[in-house]
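Per the working numbering: the sequence shown = residues 1 to 187. C-beta: ideal position from N, C-alpha, C; glycine also.
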Amino acid sequence: MADPEENNGRERLVSALARVAAGDQAALRDVYDATSTKLFGVCLRICQDREAAEDVLQQVYIKIWHRAGRFDSHRASPITWLCAIARNAAIDWRRANGTVHLPERAAAAVADTSPLAPELIEGAQQRARIFDCLEMLEDRPRSAIRAAFFDGLTYSELADAMTVPLGTLKSWVRRGLVQLRGCLGDD
């Protein structure tokens with residue numbers, strides 16, 4: 001059963017993105033306030049450079065401003081959609097700057113936003129649920145999803161590392177994400 005507070009946060013974000021799509025600048029500020037810490041973490045993990053991550057984050061919100069009308073809450077959760085934009089922008093920055101190989105673990109100092117205890121507990125519960133669902137996947141899709149979404153590897157880099165065709169890798173990831181979505185009850 002989904003947490004009512006989690007659903008409320010999702011609904012607020014969906015509503016804010018709809019207002020952004022209509023040109024509401026205050027709504028963009030609401031989206032920023034609700035997501036900037038998480039999206040900065042995504043950018044920092046991939047860029048491995050704080051200044052670059054800040055620049056990429058700025059570009060992410062410009063993209064959100066221009067693309068908010070494309071968001072479809074029936075296809076993805078708002079945070080998943082926003083994280084995908086941040087991930088892709090950070091990977092584009094890495095490619096443009098000639099740094100394509102990421103270390104296994106990104107050492108990143110994220111700004112201290114001092115979340116409140118309920119936020120910490122909710123986040124820990126969400127992470128535990130995601131990791132439990134990930135463990136239910138077969139080895140190859142699980143490894144591919146972890147490397148792509150947690151370590152920031154591109155599909156091409158991952159296909160090379162796993163010595164499989166790019167199409168095969170993408171199929172593994174796609175099927176794994178469908179299974180994850182079903183497990184998480186995000187339908």
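Assign Asp152 to one of two classes, buried (16 or more other C-beta atoms within 10 Å of its C-beta) or exposed (fewer than that).
Your numbering for residue 152 matches position 152 in the sequence shown. It should be pointed out that residue 152 corresponds to Gly in this sequence rather than to Asp. Counting Cβ neighbours within 10 Å, Gly152 comes out buried, since at least 16 surround it.
In three-state terms, what does DSSP make of Ser36?
By 1-based counting over the sequence shown, the position of residue 36 is 36. Correct three-state label for Ser36: helix.
Reference Glu54, options Ala89, Ala84, Ser77, closest by Cα:
Within the sequence shown, numbered from 1, the residue matching residue 54 stands at position 54. Residue Ala89 holds the alpha-carbon nearest to the alpha-carbon of Glu54 among Ala89, Ala84, Ser77.
Count the other CB atoms within 10 Å of the CB of Leu166; is the residue buried (16 or more) or exposed (fewer)?
Locating residue 166 in the sequence shown gives position 166, counting from the first residue. Exposed, by the Cβ-count rule.
Just confirm the distance between the C-beta atoms of Ala34 and Leu57, as a whole number of angstroms; I'd bet it's less than 8 Å.
What you label residue 34 is simply residue 34 of the sequence shown in a count that begins at 1. What you label residue 57 is simply residue 57 of the sequence shown in a count that begins at 1. That belief does not hold up - the Cβ atoms of Ala34 and Leu57 are roughly 14 Å apart, past 8 Å.
DSSP state of Met162, grouped into three classes?
Residue mapping note: residue 162 aligns to position 162 of the sequence shown, counting from 1. In the three-state reduction of the DSSP assignment, Met162 falls in the helix class, which pools H, G and I.
What separation, rounded to the nearest whole angstrom, lies between the Cα atoms of Glu51 and Arg87?
Looking up residue 51 in the sequence shown gives position 51. Looking up residue 87 in the sequence shown gives position 87. Straight-line Cα distance between these residues: approximately 16 Å.
Output yes or no for whether 8 Å exceeds the beta carbon distance between Leu28 and Trp65.
Position 28 of the sequence shown, counted from the start, is the residue given in the question as residue 28. Position 65 of the sequence shown, counted from the start, is the residue given in the question as residue 65. For the pair Leu28 and Trp65, the CB atoms are nearer than the 8 Å cut-off.
Within 10 angstroms of the Cβ of Val16, are there 16 or more other Cβ atoms? Answer buried if so, exposed if not.
Along the sequence shown, one-based indexing puts residue 16 at 16. Per the sequence presented here, residue 16 reads as Ala, with Val not at that position. By the neighbour-count rule (16 or more Cβ atoms within 10 Å), Ala16 is buried.
Opening and closing residue of the alpha helix (DSSP H) in which Leu82 lies:
What you label residue 82 is simply residue 82 of the sequence shown in a count that begins at 1. Where Leu82 is concerned, the enclosing alpha helix (DSSP H) stretches over 78–96.
Where Leu169 falls: helix, strand or coil (DSSP):
On the sequence shown, position 169 is the one that residue 169 refers to. DSSP places Leu169 in helix when its eight states are reduced to three.
Looking at the structure shown, is Ser73 part of a helix, part of a strand, or coil, going by DSSP?
Within the sequence shown, the letter at position 73 stands for residue 73. Residue state, collapsed to three classes: coil.
Boundaries (first-last residue) of the alpha helix (DSSP H) holding Asp24
The residue you call residue 24 lines up with position 24 of the sequence shown. Segment: none, Asp24 is in no alpha helix (DSSP H) and carries neither H nor E.
So, under 8 Å CB-CB, Leu134 and Ala148 are touching, yes? Tell me the CB distance rounded to an integer number of Å.
As a working mapping, residue 134 is identified with position 134 in the sequence shown. As a working mapping, residue 148 is identified with position 148 in the sequence shown. Not quite, the Cβ-Cβ distance comes to about 12 Å (not below 8 Å), so this is no contact.
Rounded to whole angstroms, how far is the Cβ of Lys63 from the Cβ of Ile85, which I believe are closer than 8 Å?
Looking up residue 63 in the sequence shown gives position 63. Looking up residue 85 in the sequence shown gives position 85. Their Cβ separation, rounded to whole angstroms, is 5 Å, which keeps Lys63 and Ile85 in contact under 8 Å.
Selected residue, minimal CA-CA separation from Ala22, among Leu184, Gly69, Glu138:
Stepping through the sequence shown from its first residue, residue 22 is reached at position 22. Comparing Cα positions, the closest option is Gly69.
Which residue from Leu177, Asn97, Lys170, Lys38 puts its Cα closest to that of Met136?
Here residue 136 refers to the residue found at position 136 when the sequence shown is read from its first residue. Minimum Cα distance to Met136 is reached at Leu177.
Proximity winner among Asp160, Met162, Phe131, relative to Phe150 (alpha-carbon distances)
One-based indexing of the sequence shown puts residue 150 at position 150. In this structure, Phe131 is the residue among Asp160, Met162, Phe131 with its C-alpha nearest to the C-alpha of Phe150.
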